[in-house]
Amino acid sequence: MKNLESVKQYSKQFIEDFTPYKKGKWCYEDGIILSACEYLYKVTKEESYNDFILNYLDKAIDDNGNLAQYKKEDYNIDNINAGKVLFDAYDQTQKDKFKKAMELLYSQLETHPRTNSGSFWHKKRYPFQIWLDGLYMGQPYYARYIKEYTDSNNYDDILKQFKNVKEYLWDEERELYIHAYDENKVMQWADKETGKAPNVWSRAVGWVAMALVDVMEICDTPEVTDALKPMLKEQIDGMIRYQDDSGMWYQVVDQPEVEGNYLETSGTVMFAYAILKGVRLGLLDEKYLAIGKKAFNGTVKQYFYEEDNKYHLGGTCEVAGLDNEKRDGSVAYYLSEKIVVDEAKGVAPFLMALSEMILLD
3 MKNLESVKQY SKQFIEDFTP YKKGKWCYED GIILSACEYL YKVTKEESYN
53 DFILNYLDKA IDDNGNLAQY KKEDYNIDNI NAGKVLFDAY DQTQKDKFKK
103 AMELLYSQLE THPRTNSGSF WHKKRYPFQI WLDGLYMGQP YYARYIKEYT
153 DSNNYDDILK QFKNVKEYLW DEERELYIHA YDENKVMQWA DKETGKAPNV
203 WSRAVGWVAM ALVDVMEICD TPEVTDALKP MLKEQIDGMI RYQDDSGMWY
253 QVVDQPEVEG NYLETSGTVM FAYAILKGVR LGLLDEKYLA IGKKAFNGTV
303 KQYFYEEDNK YHLGGTCEVA GLDNEKRDGS VAYYLSEKIV VDEAKGVAPF
353 LMALSEMILL D
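Our numbering numbers the first residue of the sequence shown as 3 and each following residue consecutively.
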């Protein structure tokens, strides 16, 4: 398929031209690119993807396992995400510094502050808050470390944190997850009775879908699958209601009619990845396959293009958060953030979805 070949070329172009997201600081944005390369390496067996990961890790981690500019005491759940590629890197190289880095990140989870309901705070500077993003940032790493480096294989804590997201962030009427929850109900965006943020952001819900399929794949136990599979199906079914004819989803998922709302890349390709992988793993019925393909192919048609002999991916919201007066969770706020090209948070899930498309091709 011509489009898949072009996207494969784009993946190689992207890592050849790669610049670290935060000038070399350990961060989740680089981490998701690393994960995308790990998936593509497993699917294609092309060494360039693996070399990219190992070269990055060698530069980012010193001989004592310290991560570039990382501070455990920040208790930022985002910082866990990039550690997911350390497991395979250590298995391949047996470099002690990779093992030490894994232990350092796990030690953060062991002492990470929690809400009264038992979920990790999103960050130390966001006390008593659960953001959807946090499930993807922390739980797949947590699951794999438990599985491979502890004797317990007890995933109860992980399941509890998914259940909390369902309890506190699921909107029954819309059949969608809202972006965040403030247990103390003091943030400017939080409903004073429920603690919920008001709106549904495409990338936030995408993180949840990816977290669900990845954690089920890692744990691979009836207990985890039985608990999370219904959550995945429920979320996908809710999202299908809002899928545009193009195959994509809007930045503010349930309000396509609002002026300025737009078809957004990162959230769409996260769902493409989650759906395609969910079907492949038997977590979703085969009937969902067409929906996942439509999302991926719709994004290619809408936002993937060639210019000056380079491929590009547009349509990605650069960033969105909920921590100051401007970032108030309103529809107007989500539509005010910049839309950018070749942004890591769009590129990485796009390439993850590509890996699933290759398996299907």
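Built from N, CA and C at the ideal position, the CB exists for glycine as well. Keep in mind it's a predicted model, so treat the numbers as computed, not measured.
Asked                                                                                                                                 : Found
Coil, strand or helix - Lys-312 by DSSP                                                                                               : strand
Rounded straight-line distance, which links the Cα of Trp-28 to that of Gln-71                                                        : 6 angstroms
Helix, strand or coil at Gln-131 [DSSP, three-state]                                                                                  : strand
Backbone secondary structure at Val-188 - three-state DSSP                                                                            : coil
Collapsed DSSP secondary structure at Tyr-275 in the structure displayed                                                              : helix
Leu-356 and Leu-6 closer than 8 angstroms at C-beta                                                                                   : yes
Whole-number beta carbon distance between Ala-62 and Gly-85, since they are thought to touch under 8 angstroms                        : About 11 angstroms; that fails the 8 angstroms criterion.
Beta-ladder partner(s) of Arg-116, from DSSP                                                                                          : Phe-122
Bridge-paired residues (DSSP) for Ile-55                                                                                              : Its beta-bridge partners do not exist; DSSP assigns none.
Chain-order list of residues whose beta-carbon lies under 7 angstroms from that of Ile-160 (same chain, five-residue window excluded) : Gln-141, Tyr-144, Ala-145 and Val-217
Thr-227 versus Leu-291 - alpha carbon distance                                                                                        : 19 angstroms
Test item: CB-CB of Leu-265 and Met-250 under 8 angstroms                                                                             : yes
Residue span of the alpha helix (DSSP H) that contains Ala-211, given as start and end                                                : 204–221
First through last residue of the alpha helix (DSSP H) which encompasses Gly-294                                                      : 291–305
Anticipated Cβ contact below 8 angstroms, Val-210 with Leu-111, distance rounded                                                      : Contact doesn't hold; Cβ gap of about 19 angstroms is too wide.
Under 8 angstroms between C-beta atoms of Ile-238 and Ile-277                                                                         : yes
Same chain only: Cβ atoms within 6 angstroms of Leu-106, ignoring 5 sequence neighbours per side                                      : Gly-67
Lys-347, enclosing alpha helix (DSSP H) - first and last residue                                                                      : 346–362
Close beta carbons around Ala-91, own chain, < 7 angstroms, minus the five adjacent residues each side                                : Ile-55, Leu-56, Leu-59 and Phe-100
Nonlocal neighbours in the same chain, by C-beta distance under 8 angstroms from Pro-1, ignoring five residues either side            : In the structure displayed, the chain extends from 3 to 363; residue 1 sits before or after that span and is not available.
Alpha carbon of Lys-194 to alpha carbon of Gly-26, nearest angstrom                                                                   : 40 angstroms
Beta-carbon proximity of Met-139 to Ile-180, cut-off 8 angstroms                                                                      : no
Neighbourhood of Asp-287 by C-beta, 8 angstroms cutoff - its chain only, sequence neighbours within 5 removed                         : Val-281
The segment 312–328 / the segment 228–235 touching (three or more Cβ pairs under 8 angstroms)                                         : no
Euclidean distance between Cα positions of Asn-326 and Asn-118                                                                        : 23 angstroms
Whole-angstrom distance between Val-9 and Gln-304, CA atom to CA atom                                                                 : 14 angstroms
Straight-line Cα distance separating Asn-186 from Trp-203                                                                             : 22 angstroms
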